[in-house]
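Residue 32 in the UniProt record's numbering sits at position 32 of the sequence shown, and the numbers go up by one each step.
Inspection log for the structure reproduced underneath, given as structure tokens.
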Amino acid sequence: MEMAGLCPMITKPTRITSHSASIIDNIYTNIYGEIISGIFIVDVSDHLPVFLIYEKLCFDFVQDNTPIVIRDKSSKALEAFKEDLKKQNWDHVYVSNLNDAYNSFMTTFITLYNKNCKMIKIRGQDKRNTHCPWMTNGLKNACKKKNYLYKLFLKLRTKDAEVKYKKYKNKLVSIIRIQKKDYYTKLLDKNKNSIRNTWSIINTVLHKNKAKSYIPNYFTKNNVDIFGKEEIVNEFNDFFVNTGPTLSQHIPKVNTDNDCNIAENVNSIFLERVHGNEILSIVNKLANKKSNDYTDMNMLLIKNIIDAVIEPFTYICNLSFTTGLFPDHMKVAKIIPLFKKGNKNDFSNYRPVALLSQFSKVLEKLFVIRLNKFIETYKILSPSQYGFRANHSTATALMELTEEITNAMDNKQFLVSIFVDLQKAFDTLDHEILLQKLYKYGIRGVAHQWVASYLKDRSQFVEVNDTKSNFCNITCGVPQGSVLGPILFLLYVNDIVSASNVLKCILFADDTTLFYTGKNINEVLQTVENEFQKVLHWFNANKLSININKTKFMVFTCKEKDIGARLSIQGLEIERVHEVKFLGVLIDEHLTWKSHTERVKTKLSQTVAVLHKVKESLNKNALLLLYNSLIIPHLTYCIEVWGNACKTYLDPICILQKRALRVVNGSGYRAHTNPISLQLGTLKFNELVELNVLKCMYKAHQKTLPENLQNRFKKKESKYNLRGSDFFCKPKFRTKPKERCISVHGVNLWNSLECEIKTSKSIHCFKKSVKLILMDRYKDAM
Numbered sequence: 001m002e003m004a005g006l007c008p009m010i011t012k013p014t015r016i017t018s019h020s021a022s023i024i025d026n027i028y029t030n031i032y033g034e035i036i037s038g039i040f041i042v043d044v045s046d047h048l049p050v051f052l053i054y055e056k057l058c059f060d061f062v063q064d065n066t067p068i069v070i071r072d073k074s075s076k077a078l079e080a081f082k083e084d085l086k087k088q089n090w091d092h093v094y095v096s097n098l099n100d101a102y103n104s105f106m107t108t109f110i111t112l113y114n115k116n117c118k119m120i121k122i123r124g125q126d127k128r129n130t131h132c133p134w135m136t137n138g139l140k141n142a143c144k145k146k147n148y149l150y151k152l153f154l155k156l157r158t159k160d161a162e163v164k165y166k167k168y169k170n171k172l173v174s175i176i177r178i179q180k181k182d183y184y185t186k187l188l189d190k191n192k193n194s195i196r197n198t199w200s201i202i203n204t205v206l207h208k209n210k211a212k213s214y215i216p217n218y219f220t221k222n223n224v225d226i227f228g229k230e231e232i233v234n235e236f237n238d239f240f241v242n243t244g245p246t247l248s249q250h251i252p253k254v255n256t257d258n259d260c261n262i263a264e265n266v267n268s269i270f271l272e273r274v275h276g277n278e279i280l281s282i283v284n285k286l287a288n289k290k291s292n293d294y295t296d297m298n299m300l301l302i303k304n305i306i307d308a309v310i311e312p313f314t315y316i317c318n319l320s321f322t323t324g325l326f327p328d329h330m331k332v333a334k335i336i337p338l339f340k341k342g343n344k345n346d347f348s349n350y351r352p353v354a355l356l357s358q359f360s361k362v363l364e365k366l367f368v369i370r371l372n373k374f375i376e377t378y379k380i381l382s383p384s385q386y387g388f389r390a391n392h393s394t395a396t397a398l399m400e401l402t403e404e405i406t407n408a409m410d411n412k413q414f415l416v417s418i419f420v421d422l423q424k425a426f427d428t429l430d431h432e433i434l435l436q437k438l439y440k441y442g443i444r445g446v447a448h449q450w451v452a453s454y455l456k457d458r459s460q461f462v463e464v465n466d467t468k469s470n471f472c473n474i475t476c477g478v479p480q481g482s483v484l485g486p487i488l489f490l491l492y493v494n495d496i497v498s499a500s501n502v503l504k505c506i507l508f509a510d511d512t513t514l515f516y517t518g519k520n521i522n523e524v525l526q527t528v529e530n531e532f533q534k535v536l537h538w539f540n541a542n543k544l545s546i547n548i549n550k551t552k553f554m555v556f557t558c559k560e561k562d563i564g565a566r567l568s569i570q571g572l573e574i575e576r577v578h579e580v581k582f583l584g585v586l587i588d589e590h591l592t593w594k595s596h597t598e599r600v601k602t603k604l605s606q607t608v609a610v611l612h613k614v615k616e617s618l619n620k621n622a623l624l625l626l627y628n629s630l631i632i633p634h635l636t637y638c639i640e641v642w643g644n645a646c647k648t649y650l651d652p653i654c655i656l657q658k659r660a661l662r663v664v665n666g667s668g669y670r671a672h673t674n675p676i677s678l679q680l681g682t683l684k685f686n687e688l689v690e691l692n693v694l695k696c697m698y699k700a701h702q703k704t705l706p707e708n709l710q711n712r713f714k715k716k717e718s719k720y721n722l723r724g725s726d727f728f729c730k731p732k733f734r735t736k737p738k739e740r741c742i743s744v745h746g747v748n749l750w751n752s753l754e755c756e757i758k759t760s761k762s763i764h765c766f767k768k769s770v771k772l773i774l775m776d777r778y779k780d781a782m
């Protein structure tokens, strides 16, 4: 080290015991001058911390006392605002021109808002002065004594001094843990009626209090660094606005009639009149979000005052539906850039979060209710579409896919599936094509004009740290974060199912998988390749961009021997994978669920470690809340699809769940979990699988499953009202994957249930009855 010109800075022992003292932690430097170095006498480890201070590298940290400006939204301010709204004369709103009516309404609304909810200055907290709130003066004095005993031990280095120090330290640690747990127990009990405060306390213990995401002070574009705040937000806005049009320009142009595959609906939608009670019901059901729109209002504020402005706003909504116009001031979106991953100084590594007008969400929801009713009445949406629809979910989409795969395996066939990746599908949607399709589906007249007005002349601006960009017009795509946008997208891609008469498909919004089955793998691949050309033609005609590099294909088979399969589209080879993530679940080519169970096991291991970390600080109720929030979602997500996998893959998950239950209950490492489950009122993994499968079967019994899935369940026919009339027919199966499917396993579970449970009045009552039966198993096993 000396030959390299490096000198040691630490000259005192860093690890001291009663029988030895050694310098095994050091700092070496080749810098000479004003340097201060040494060791800290603290007992955080059996190694003493070392430090070095170099004068030229020191900075003066000055506390930022700049006051923070916020809006006063106290209960007193909101009450005064509400009273002023009630006293207001709204006659100036009742005019025939929609934009004049809404502008007049908002002018008065914002004037009273600024009057009562004024901007106030508050000083930020000095974070350096934070302390452990459970530390009493007595405990602080005890800590000083503990530190004195530690220094005394380092000085004397005798066995007696070491024993005395360690005994005192262990007792103090135990007392501090008890004090900390009591503090959080009282705090949680005090806030038990507020779930927001409860999670705030738990996150404090977990050290998960959200740090404010920051935007770098410079960005790079075309190898040029941009430093100006205004220039940065304007570049952000240009990037977000031009993403869709830029992708559209690279899509090959085709000469075709975009709506040729859509059968014209002779019926037309009628926009029913809006009533005040309907608006109140919608507003009350909307999420309590605190994010502010461009007028500096959030949904919590609207919920507080909506009854004070219900009459003028109802008039505006009815005027909008009768004139077929959407208010211009509702078309403005505030965009917040959210970092995804990669280089923080690159605009492309951010995604836009759109904050729309709060009142526009209500008006959109009113239209969506009428649109959904029309769609359901005339069954406009394809049964293959599972996204953003009532009684449809990712679980039902995956169930449908696994049923198709296992049917192919059972019939000794191959199933080739292409998992399509679309680039910015919501951003490239063409307004003209959408309006043509809507007309075919029956959205005509005033409703058609209303949607056209909703899409036209929309604008947005980007805001970063109170710096706002210029406004930019949006020329394509549906509004991000809107209520209506997802439904419009479903109608836009609805006719993809008719692009090929051979390939079947399963859709979840823009997540698309197309598949075909057959006994000869070469013929299947050739058919898929030919038919996918038609689908690709449909994508190009509808100006949707496929990312070929991220589009994958899989060959599902029960044969263990690997089959060499290749697939190419327009000269570009599509990558074959042996497992793929679809709708959050890892699927492998033999449908063993091995990869997904491994992923769940990893997630559970991390969460159990978190429970271990905080068990000394939180009481049983708080730990149970953490268990239900962090463990159960990983266990139950699509559990009806993969939860009946091979026992070898599921056992580690069961073990980890039991470990988590023991931590929550404060039980020993090998304690039996049946009594714990009974005490906590929670089900173990196998019973969770059974419960979720039976819930799906109850929906099949009530005929509320999606159409394609419902058709797979047939009731036993009988001329008489016998006990077995609620039984489903047992399908034949040959392979294990098929036996584990809900169409077989679920039917067996359902048919073994008692009739009284099957006839439950609601899904809630059914779930409650089944859970009682499953919990009784734990009693019987004890």
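Beta carbons: idealized from backbone N, C-alpha and C, even for Gly.
All values reported here derive from a predicted model rather than from experimental measurement.
Consider the C-beta atom of Leu300 and the heavy atoms of the ligand ZN; say whether any pair is separated by less than 7 Å.
Looking at this structure, you won't find the ligand ZN or any other ligand, since it has none at all.
Check Thr704 in the structure and name its three-state DSSP category.
Thr704 falls in the coil class under three-state DSSP.
Using only the alpha-carbon positions, how far apart do Ile631 and Ser762 sit?
Answer to the nearest angstrom: the Cα atoms are 27 Å apart.
Run through DSSP, which three-state label would Glu579 get?
DSSP places Glu579 in strand when its eight states are reduced to three.
Is it buried or exposed for Phe556, if we count other Cβ within 10 angstroms and need 16 for buried?
Buried, since its Cβ has 16 or more Cβ neighbours within 10 Å.
Could you have a look at Gln88 and say whether DSSP puts it in helix, strand or coil?
In the structure shown, Gln88 sits in coil (DSSP, three-state: anything other than H, G, I, E or B).
Every unbroken beta strand (DSSP E) inside the stretch 508-578 [3 residues or more]:
Secondary structure within the stretch 508-578: the beta strand (DSSP E) runs of 3 or more consecutive residues, fully enclosed, are 511-518, 552-556, 567-569, 572-576 (chain order).
Proximity to Arg733 [Cα-Cα], best of Lys159, Ile405, Leu187
Looking at the sequence itself, residue 733 is Phe, so the reference to Arg does not match. In terms of Cα proximity to Phe733, the closest of Lys159, Ile405, Leu187 is Ile405.
For Asn26, which of His19, Gly38, Glu34 has the nearest alpha-carbon?
Just measuring C-alpha positions, the residue of His19, Gly38, Glu34 sitting nearest Asn26 is Gly38.
Grab the span of the alpha helix (DSSP H) containing Leu48 for me, first residue to last.
In the DSSP annotation of this structure, Leu48 is not part of any alpha helix (DSSP H), being labelled neither H nor E.
Residue range of the alpha helix (DSSP H) that includes Asp182:
Bounds of the alpha helix (DSSP H) holding Asp182 are 159-190.
How long is the line joining the alpha carbons of Leu280 and Phe367, rounded to whole angstroms?
Cα-Cα distance, rounded: 15 Å.
Quick check on this structure: which residue in Leu172, His19, Ala541, Tyr214 has the alpha carbon closest to the alpha carbon of Asp160?
When only C-alpha atoms are compared, the closest one is His19.
With DSSP as the reference, identify every bridge partner of Ile587, one or two as the case may be.
Per DSSP, Val580.
Secondary structure at Ala4, three-state DSSP: helix, strand or coil?
In the three-state DSSP reduction, Ala4 falls in the coil class, being neither helix nor strand.
Identify every residue that forms a DSSP beta bridge with Met119.
According to DSSP, Met119 bridges with Arg71.
Which class does Tyr94 belong to by DSSP, given the choice of helix, strand or coil?
In this structure, Tyr94 counts as coil in the three-state DSSP scheme.
Check whether the Cβ atoms of Thr636 and Phe508 sit closer than 8 Å, and answer yes or no.
No, these two residues do not count as a Cβ contact at 8 Å.
Taking only runs that begin and end inside the stretch 264-351, name each unbroken alpha helix (DSSP H) of 4 or more residues, in chain order.
Counting only runs of 4 or more, we get 276-285, 299-305, 310-323.
Cβ of Leu680 within 8 Å of Cβ of Val770?
It is not a contact, given that the beta carbons lie outside the stated cut-off.
Going straight from the alpha carbon of Ile195 to that of Leu624, what length do you get?
Rounded to the nearest angstrom, the gap between the Cα atoms of Ile195 and Leu624 is 14 Å.
How about Pro337 and Pro327: are their beta carbons less than 8 Å apart?
The Cβ-Cβ distance between Pro337 and Pro327 does not fall below 8 Å.
Use the C-beta contact count for Leu683: other C-beta atoms within 10 angstroms, 16 or more gives buried, fewer gives exposed.
By the 10 Å Cβ count, Leu683 comes out buried.
Quick check on Leu78: does DSSP put it in helix, strand or coil?
Secondary structure of Leu78 (DSSP, three-state): helix.
List the residues that DSSP assigns as beta-bridge partners of Ser417.
Paired residues: Phe515, Met554.
Using DSSP's beta-bridge definition, name the partner residues of Tyr28.
For Tyr28, which the question treats as bridged, DSSP gives the partners Pro8.
For Val42, the three-state DSSP class (helix, strand or coil)
Looking at Val42 - three-state DSSP - the assignment turns out to be coil, as it is neither helix nor strand.
Mind checking Glu376: buried by the 16 CB within 10 Å criterion, or exposed?
Residue burial is scored here from C-beta neighbours: Glu376 has fewer than 16 other C-beta atoms within 10 angstroms and is therefore classed as exposed.
When the Cα of Ile31 is compared with those of Thr11, Thr551, Glu55, which residue comes out closest?
Measuring from the Cα of Ile31, the nearest candidate turns out to be Glu55.
Using alpha carbons as the reference points, say which of Ile310, Cys505, Gly584 lies closest to Pro633.
For Pro633, the nearest C-alpha among the options comes from Gly584.
Can you round the beta-carbon distance between Ile269 and Phe374 to whole angstroms, since I take them to be within the 8 Å contact cut?
Indeed, because the Cβ distance is near 4 Å, the residues count as touching under 8 Å.
For Ser393, name the three-state secondary structure that DSSP assigns.
Under the three-state reduction of DSSP, Ser393 is assigned to coil, being neither helix nor strand.
Where Lys504 falls: helix, strand or coil (DSSP)
Residue state, collapsed to three classes: strand.
Judging by CA-CA distance, which residue of Met135, Ile215, Gly481, Pro252 is the nearest neighbour of Asp466?
The residue with the shortest Cα to Cα distance from Asp466 is Ile215.
Are three or more beta carbon pairs between the stretch 515-522 and the stretch 381-396 nearer than 8 Å?
Taking a cut-off of 8 Å on C-beta distances, the stretch 515-522 does not touch the stretch 381-396, as fewer than three cross pairs fall below it.
Examine chain B for any beta-carbon lying closer than 8 Å to the beta-carbon of Thr246, and answer yes or no.
No chain B appears in this structure, which consists of one protein chain only.
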